[in-house]
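Enquirer: Heads up: take any position in the sequence shown, counting from 1, add 187, and you land on the working numbering.
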Amino acid sequence: MLMLLAAGGSLALMLGALAFQHIGGLPPCKLCIWQRYPHVVAIAIGAVALRFGNATLAWLGALAAFATAAVGAYHTGVERGWWEGPTTCTAGPIGGLSTDELFDQIMSAPLVRCDEVPWEMFGLSMASWNMVISLVLMALWIAAARKPA
188 MLMLLAAGGS LALMLGALAF QHIGGLPPCK LCIWQRYPHV VAIAIGAVAL
238 RFGNATLAWL GALAAFATAA VGAYHTGVER GWWEGPTTCT AGPIGGLSTD
288 ELFDQIMSAP LVRCDEVPWE MFGLSMASWN MVISLVLMAL WIAAARKPA
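1) Can you give me the start and stop residues for the alpha helix (DSSP H) that residue 317 sits inside?
2) In the DSSP assignment, what are the bridge partners of residue 308?
3) Grouping DSSP H, G and I as helix and E and B as strand, with all else coil, what is residue 274?
4) I'd like the span of the alpha helix (DSSP H) that includes residue 225, first residue to last.
5) With distances taken from CA atoms, which of 287, 270, 235, 252 is nearest residue 303?
6) So what's residue 201 in DSSP terms, helix, strand or just coil?
7) With distances taken between CB atoms, is the gap from residue 256 to residue 322 smaller than 7 Å?
8) My output table needs one value for residue 258: the three-state DSSP class, helix, strand or coil.
9) Which word fits residue 317, buried or exposed, when buried means at least 16 other C-beta atoms lie within 10 angstroms of its C-beta?
10) Using only the alpha-carbon positions, how far apart do residue 226 and residue 309 sit?
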């Protein structure tokens with residue numbers, strides 16, 4: 188039951204992300220996409236757990252939840268300017284560039300930047316919320332793994 192609850196949490200987060208993207212008009216950045224992959228894995232583990240529920244699956248689910256929480260933590264740091272993100276989705280330095288080089292850099296920049304916060308609630312961005320909720324989901328997966336058979 189705990190595994191299905193944890194997998195359902197990942198499903199809810201994925202549906203929320205897709206709603207923000209397709210209904211709310213907030214396209215995901217590269218790091219946002221990276222955070223989705225472990226949720227898809229956790230959902231698949233939950234589906235397999237319906238048939239073959241065991242501790243190994245629960246530990247794999249915990250690992251998937253930890254992976255998305257880790258990417259969420261990294262993304263939060265990029266958004267807050269604590270460290271640099273991937274060069275393909277963050278602003279780069281402009282010092283020493285000619286006007287033409289600067290124009291080329293602007294024109295080749297991705298449309299969605301990883302170092303900007305497009306939405307937040309209670310001071311936390313979507314990446315931060317993903318991290319927090321995914322840590323709770325990880326705890327559920329671990330509780331399922333430690334539950335006696």
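Note that beta-carbon positions come from the ideal geometry of N, C-alpha and C, so glycine has one too.
Expert: On the basis of the coordinates in this document:
1) 313-333
2) 311
3) coil
4) 217-239
5) 270
6) helix
7) yes
8) helix
9) buried
10) 23 Å
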